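Down below is the structure, laid out as structure tokens.
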Amino acid sequence: MSVTIQGNASTAILNNSAPEGTSKIAKIMRQIQVLTEKLGKISSEEGMTPEQKKEMAALVQKQIESLRVQLEQLLRQQAEKQNKDAKVQPDNKVERKDDTNTAGTIDIYV
1 MSVTIQGNAS TAILNNSAPE GTSKIAKIMR QIQVLTEKLG KISSEEGMTP
51 EQKKEMAALV QKQIESLRVQ LEQLLRQQAE KQNKDAKVQP DNKVERKDDT
101 NTAGTIDIYV
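In full-length UniProt numbering, the protein residues as written are 1 to 110.
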């Protein structure tokens, strides 16, 4: 039984500019990591029948899948928020203003 966790989520955390969602994502990723470690140790558990081990592994896998769905939703929400924020931000054009009243004058140097 193997479980793979894609590394895209950690990249999203590093590139994230919305810190409020980062802690939620980090928490979910940590939970997935803990459950994955637990899943790997189930087969070597003593005091459990093979059937109990299968049931426990299935339960842990369901928990991991549920957390992955939550993680995907959070990442999607952050991406949408970042796209929305990028569209809302005004252009940072610098207007040049002269203090002197030079409208309509041309300087000619000879």
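Glycine included, each C-beta is placed from N, C-alpha and C at the ideal position.
Here the structure is a predicted model, which is why all the values come from computation and not from measurement.
Quiz item: With 16 as the cutoff for other CB atoms within 10 Å, does residue 71 come out buried or exposed?
Solution: buried
Exercise. Quick one: residues in its chain with C-beta nearer than 7 angstroms to the C-beta of residue 69, no 5 flanking neighbours on either side, listed in chain order?
Key: none
Quiz item: With DSSP run on the structure shown, which of helix, strand or coil describes residue 107?
Solution: coil
Quiz item: Quick one, which of 86, 35, 109, 26 has its alpha-carbon nearest residue 57's?
Solution: 35
Exercise. Determine the extent of the alpha helix (DSSP H) in which residue 65 is found, giving its start and end residues.
Key: 50-88
Quiz prompt | Secondary structure of residue 47, DSSP reduced to three states | solution = coil
Practice problem: Closer than 8 angstroms by C-beta to residue 60: which residues in its own chain qualify, once you throw out the five before and the five after it? Chain order, please. | Solution: 35, 38, 39, 42
Quiz item: Thinking C-alpha only, which one of 23, 28, 108 is nearest residue 64?
Solution: 28
Exercise. Ignore the nearest five residues each way along the sequence and tell me which others in residue 53's own chain have a CB closer than 7 angstroms to its CB.
Key: 42, 43, 45
Quiz prompt | Of the listed residues 81, 75, 85, 67, nearest to residue 31 (C-alpha basis) | solution = 67
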